[in-house]
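Have a look at the structure below, then the notes.
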Amino acid sequence: MSEKGASQTSLSSPVDVALDLKSEAKLRRKLDFLILPIVSLSYTLLFLDRNNIGNARTAGLEKDLGLHTFDFNIGNCLFYLGYVLFEVPCGLMVKRFGFWLVPASVLAFGIITLSMAFITDRAGFFVTRMLLGLAESFSMPGISYLLTRYYRRRELTSRLGCFMVVAAAASGAFGGLLAAGLLRLGKIGTRSSWQNIFLVEGIITIGLALLSFPVFPTDITKTRMLNEEEKQLAIARIYADQPDIKEDKESINRKLIKRGVFNITTVTCGWLFLVGNCSVQGLGIFLPSILQVNYPGASPVRIQILVIPIYVTAGVIALLVTIGCIKTGRHFPFLLFAGACTITGYSIWLATDSSSAKARYAACFLNMTGGFSTGPVVLGWAASNASPDTLRAMVGAVVTGIGSIGSIAAVWAYVQTDAITGYHSGNAFNLSMSASLIVVVLGLAAYQWLENKKRDRGLRDYRLERGIDQLGSLHPSFRYVY
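Going by this note's numbering, the sequence shown opens with residue 9, and the numbers climb by one from there.
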């Protein structure tokens, strides 16, 4: 069913639509069926193409390209640098021009991944990694903003978790399995095994990206996925969730952009996402290398096989965590659980040596579980407390943009010269970051709890003089979900 050329429904007067639990549940199931599979597939492809670099490394990429000691880290640093620099403007472009930019970014990502099969030197490696970061800058802010246009605040975390966790786990498991198969085949013609990884995954991404264009969701006011009655109900749900808004999409202005970037919840969640990225992105790229240190005699194929259960287990637990968020209506307890997992995992690595291979392998499960659980819960926490629409469009970009700084740090946490120590410095760094997560989570939850109490007592009613339609999350009737 094509989403192009859909008629537009105004979001100016949906308040007459009656809301009842049965109708909402039916609509929610339909939205889940129509939206979550396509956004999960899109992000899976992006995650697959992002992390295949770790698999390619174990297959000889560094040697064939003549990379020096830190060149692999520099290339991955350039990827996240492109991501950080362009994510906020790309998020605003999605709000301005539409959600078609998301499948377009997946297509661009696939083309660039395919081109990596033909690079021959370090310059090509650096350029393609930078371009990959730019191409992906539309994806996370675009998808998270899309979900805020269809789902209530308390429904967001589990939906964000669905596409983020499923994508990360599926891409990690499938990527490892595919890499293992291609490594067994060895060279195909003149192409090395690592080149075949980029070639095959690039072709898969391009093909599926092209197929996703006609079915990728448009905005709620233009969609043809829903009939007119369902569309009005969907719009009414958004209004009921944020009763102070007067219009659907207010125009973008500097005041709202400034508030979207510089507010306590967004900046704090950005730090928490940064902490999570230090773990999950570091493992996403370097897990094969870490396991190679843990099992020095293992073949590249066995290393790829060992990666798979880590991703699957972490994905299942993280998905249960996001479901727990929606069942309880809380975010901070589950982030404390994630922090406890990573603190335990990195402590095991630091407290053991190379003779404790099984304990260190088990620690990888804990580290990945904590990292996987952090991302969707943090993003859901931020998105659930963002209003009006411009802030909802920006929150995914700002939080993940700040978080990508953690990805840059993760690139340098695991350097080749530290492999002989079992990556002691990288594990110590992640342990300290995980400890900071516990403190910051408790601080943000306490702030939002106190702020809600102040609004209950009418201590924020003076803000009504500023204009109701622009207050959003500052409105006295708005309550933080923590």
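Every residue, glycine too, gets a C-beta built ideally from N, C-alpha and C.
In this text the structure is predicted, and so the values were computed from the model without any measurement.
In the structure shown, R37 falls within a helical segment according to DSSP collapsed to helix, strand and coil. By the neighbour-count criterion, in which a residue is buried when 16 or more other Cβ atoms sit within 10 angstroms of its Cβ, R400 is buried. N235 counts as exposed, since fewer than 16 other C-beta atoms from the protein chains shown sit within 10 angstroms of its C-beta. Put simply, the segment 128-146 does not touch the segment 285-298. Fewer than three CB pairs are less than 8 angstroms apart. Under the 10 Å beta carbon count, G451 is surrounded by fewer than 16 other beta carbons and is classified as exposed. The beta carbon of A346 sits closer than 6 angstroms to the beta carbons of G378, S381, T382 from its chain, once the five residues preceding and following it are set aside; these are given in chain order.
Look at the beta carbons and you see the segment 179-199 not touching the segment 101-117: under three pairs across the two are nearer than 8 angstroms. Cβ atoms of I293 and N84 come within 8 angstroms of each other, at about 6 angstroms. For the pair R157 and I228, the CB atoms are nearer than the 8 angstroms cut-off.
Distance from the CA atom of Y431 to the CA atom of L291, rounded to whole angstroms, is 12 angstroms. With contacts defined by Cβ atoms closer than 8 angstroms, V92 and Y153 do not form a contacting pair. Here L155 is buried: its Cβ has 16 or more other Cβ atoms, across all protein chains shown, within 10 Å. Taking 8 angstroms as the cut-off, the Cβ atoms of S412 and E95 count as close. According to DSSP, residue pairing for R160 in a beta bridge does not occur. For the pair T66 and L185, the Cα-to-Cα distance works out to about 14 angstroms. Counting only runs of 4 or more residues that sit fully inside the segment 168-226, the alpha helix (DSSP H) segments are 201-220, in chain order. The residues V329, G332, C333, S381, V385, in chain order, have a CB closer than 7 angstroms to that of F342 in the same chain once the five nearest residues on each side in sequence are set aside.
For the options A394, Y354, Y303, the alpha carbon positioned closest to that of A443 is the one of Y354. Under the Cβ criterion (8 angstroms, minimum of three pairs), the segment 199-217 does not count as touching the segment 315-327. Less than 8 angstroms divides the Cβ of P484 from the Cβ of R468.
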